[in-house]
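Scroll down for the structure; my scribbles are underneath it.
Protein chains: 2
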Amino acid sequence: MTAWAKGTAVSGEQRPSARPATLHDVARLAGVSVATASKALNGRKHVSATTRAEVLQAADLLAYSPNTLARGLVAGRTGMIGLLTSDLEGRLSIPILMGAEDAFGVDRTSVLLCDARGDTIREGHHLRTLLSRRVDGLIVVGARPDPRPSIGRDLPVPVVYAYAPSADPQDLSLVSDNVAAGRLAVRHLIEIGRTRIAHITGDASYGAAHDRARGARDELAAQRLPLAGDRVYFGSWSEAWGRNATRLLLTQHTAVDAIFAGSDQIARGVIDALHGSGLDVPRDVAVIGFDNWEIFTTASRPPLSSIDMNLETLGRVAAERLAAALDGPLGAGTEYLPCRLIQRESTATA
Amino acid sequence: MTAWAKGTAVSGEQRPSARPATLHDVARLAGVSVATASKALNGRKHVSATTRAEVLQAADLLAYSPNTLARGLVAGRTGMIGLLTSDLEGRLSIPILMGAEDAFGVDRTSVLLCDARGDTIREGHHLRTLLSRRVDGLIVVGARPDPRPSIGRDLPVPVVYAYAPSADPQDLSLVSDNVAAGRLAVRHLIEIGRTRIAHITGDASYGAAHDRARGARDELAAQRLPLAGDRVYFGSWSEAWGRNATRLLLTQHTAVDAIFAGSDQIARGVIDALHGSGLDVPRDVAVIGFDNWEIFTTASRPPLSSIDMNLETLGRVAAERLAAALDGPLGAGTEYLPCRLIQRESTATA
DNA sequence: TTGTAGGCGTTATCAA
DNA sequence: TTGATAACGCCTACAA
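Going line by line, the protein sequences match chains A and B. Just add 141 to the spot in the first sequence (first one is 1) and you have our numbering. Just add 141 to the spot in the second sequence (first one is 1) and you have our numbering.
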């Protein structure tokens, strides 16, 4: 005893309240079985051209849209991945999400985004929910680029940590290669002819700050150049620190012709202080930032060269690893992805 | 002929590759039927205390997690909503998403976030995918606060537009009350004793800019105060414009004691220029911004007062409207939500 | 109180 | 080439 309200079905496209057409409806309208309809719609073989056309027409008429849930139920895969973040402003998660979207293809996979807001309890809630929804994989994005607690071993789905690595070496993590980025920044400054290069960066409790500094030192050493200021200026990730550190630097070492800043905000402060001292950027002192956060780089005077962490790539690779993990084991350990340099006027060659 | 690999089931918690336990498995382990197991787990009546305990224990042992998809299939609701955005940096979507998460409750509803990147084709793709996944509702977030094309009438699910209203008055849109926000900003400046208030804002092609300006004018008129500078300074949403406009303003009208900026970035430029002219903020000139974008407001010297658009609230209300639409019509037209004032030092009372 | 059975929308395996 | 039919995992009448 079926309960189809046949009358409205055909013209159902108009009525928002009407339940969406099912494969059953399509099959009935086309006068075939659901099996045939399914084959026809999925482009499988063993369906006559005429039948296929009729089914397609019926589907069109009913505005048929296959129920992905039901499909996932039988397929054992949902085509959804979970993105677990603590990124309050989305500056990290959105690019990573876009990269993941690109890797999978928009119509193959959707992303469930959950913001834990740095709260472990909430993170656990979200995790349970996502597993309950049978996501095919999980990407965990930390709020700062330092190791964070693992969300657990032996989860029923593959997990990739992006930006912030997992503290558990058994997990797979994808992070920016901060050391290489530091080298990249300094090499660029050297290539545009600078030899007295200083480094002003943020909070020393950030591992990334040390990594970038190490890269900078490595490159300087390789080129037999000193570090202007003799030391790395650690402080905080703020414009104010960029200003203060620059003033400090200038009083102690006048012979500086380039500054590598640990973030774009710091670079802002650096440029500010340089201008305050009557120095021109880039003529007297070239400046390069980090993050390539457009609201800062383009608002800067002059526009700020910066290191881009390639977050979209991070998301794309994370998605690729998850996809590969569907048939095959997921690796372990931390993978370092290269950053790229975006040159703007603040390091323009004279 | 069932294919259960019973041996591993009980200790399956350890094996990531093992398929997740089903209600069937739990029932079998507890020695009851699936129906009973279902009732026990869902806290329904007509289950003896002992049976319930046994079922719960079995579920625990198997690390059972109900398959939300299967549940959704029978319930006719998925517990997922789609968030369709064009917000490249997530500054808008993430707060709105968090508001929606709060409204629904983390374990009741999950959010599928799709970024169309301003591309209509891609938006259509995402829309189809979301409908195919049978989301219970849709929130559409535009990139700028002006009317945007509707994604279509007669969709099978309720749709709420947030931040950017739909151009179709039949749709339901939730936007910030920019007029009221303009009044709010100016009223605040008056309350701290200012009487010569100017307004520097962004691109005149933005409706929101005009709305805020109108609110500002209304409030000034209500208090019988003139608009300093005689006109609203429209320009661009940039720091540079804030600087230039301020210089312009100061050359023409020295007697300004407060500036209402159309964005925090503009405010940044305004403060810069004021300092450049030897004026103190807030002693000589008070400044208030718009957006309450923390990276700008707290980096500012002095910290910048600003208008917060309450995006979380926007998301929360959007979610509430969607929830209400499950049983009942959605309503149409544009709803204006109040903004709130965040006072910081840039408008501190002397 | 418990269990049986039907159905949610699809896909896949067989027969026909 | 087509069409029954059995899953997929769960819920909910209804029957026992």
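Note that the Cβ used here is the ideal one computed from N, Cα and C, for glycine as well.
- Listed along the chain, the chain A residues whose CB falls inside 9 Å of the CB of Q406/B are I436, A440.
- Scanning D449/B, L296/B, H340/B, L415/B for the CA closest to the CA of D371/B turns up H340/B.
- With contacts defined as CB atoms closer than 8 Å, A399/A and V411/A fail to qualify as a contacting pair.
- Interface criterion met: the Cβ of V247/B is under 8 Å from a Cβ in chain A.
- In chain order, L214 make up the part of chain B whose C-beta sits under 8 Å from the C-beta of A211/A.
- Collapsing the DSSP output to three states places V282/B in a strand.
- N319/B sits close to R353/B, with the two beta carbons spaced by under 8 Å.
- Between A162/B and L203/B the beta-carbon gap is near 4 Å, inside 8 Å, which marks them as a contact.
- Residues of chain A whose Cβ lies closer than 8 Å to the Cβ of V252/B are, in chain order, L253, L254, C255.
- Apart from sequence neighbours up to five positions away, the residues of its chain that approach G223/A with a beta-carbon distance below 6 Å are L253, L271, V276, L279, ordered along the chain.
- M239/B belongs to the set of residues whose beta carbon lies under 8 Å from a beta carbon in chain A.
- Interface annotation, E242/B: in contact with chain A, CB-CB separation under 8 Å.
- I407/A sits close to W378/A, with the two beta carbons spaced by under 8 Å.
- For T475/A, no chain B residue has a C-beta closer than 7 Å to its own C-beta; the minimum C-beta separation is roughly 20 Å.
- Annotation for T488/B: I333, P423, A427, I429, S446 place their beta carbon closer than 6 Å to its own, counting only its chain and skipping 5 residues before and after.
- For D287/B against Y374/B, the beta-carbon gap comes to about 20 Å, at or over 8 Å, which does not count as contact.
- Interface with chain A (8 Å Cβ-Cβ cutoff): N319/B is excluded.
- Cβ proximity to chain A below 8 Å picks out S379, E380, A381 from the stretch 379-393 of chain B.
- Contact of P161/B with chain A by beta-carbon distance below 7 Å involves P297.
- The Cβ-Cβ distance between C480/B and A303/B does not fall below 8 Å.
- Straight across, the Cα-Cα distance linking R263/B with G283/B is about 14 Å.
- Beta-bridge partners assigned by DSSP to C480/B: none are found.
- In this structure, the beta-carbon distance from R258/A to L238/A does not fall below 8 Å.
- Per DSSP, T226/B is one residue of the beta strand (DSSP E) stretching across 221-226.
- Residue contact with chain B for T261/A: absent (no Cβ-Cβ distance below 8 Å to any residue of chain B).
- Taken in chain order, the whole alpha helix (DSSP H) runs of length 4 or more contained in the stretch 422-460 of chain B are 435-438.
- According to the DSSP assignment, A396/B belongs to no alpha helix (DSSP H), since it is labelled neither H nor E.
- Only residues of its own chain outside the window of five on either side were considered, and among them A305, Y347 have a CB closer than 7 Å to the CB of R285/B, listed in chain order.
- For I338/A, DSSP records a beta bridge to L368/A, A399/A.
- The three-state reading of DSSP puts R274/B in coil, since its state is none of H, G, I, E or B.
- In the structure shown, V173/A adopts coil according to DSSP, grouped into three states.
- Apart from the 5 residues on each side of it in sequence, K186/B has no Cβ closer than 6 Å to any other Cβ in its chain.
- DSSP places D256/B in the strand class (E or B) of the three-state scheme.
- What R275/B touches in chain A, judged by beta-carbon distance under 8 Å, is P161, N208, T209, L210, going in chain order.
- Taking every protein chain shown into account, the CB of N208/A has 16 or more other CB atoms within 10 angstroms, so this residue is buried.
- R328/B and A326/A have their C-alpha atoms some 48 Å from each other.
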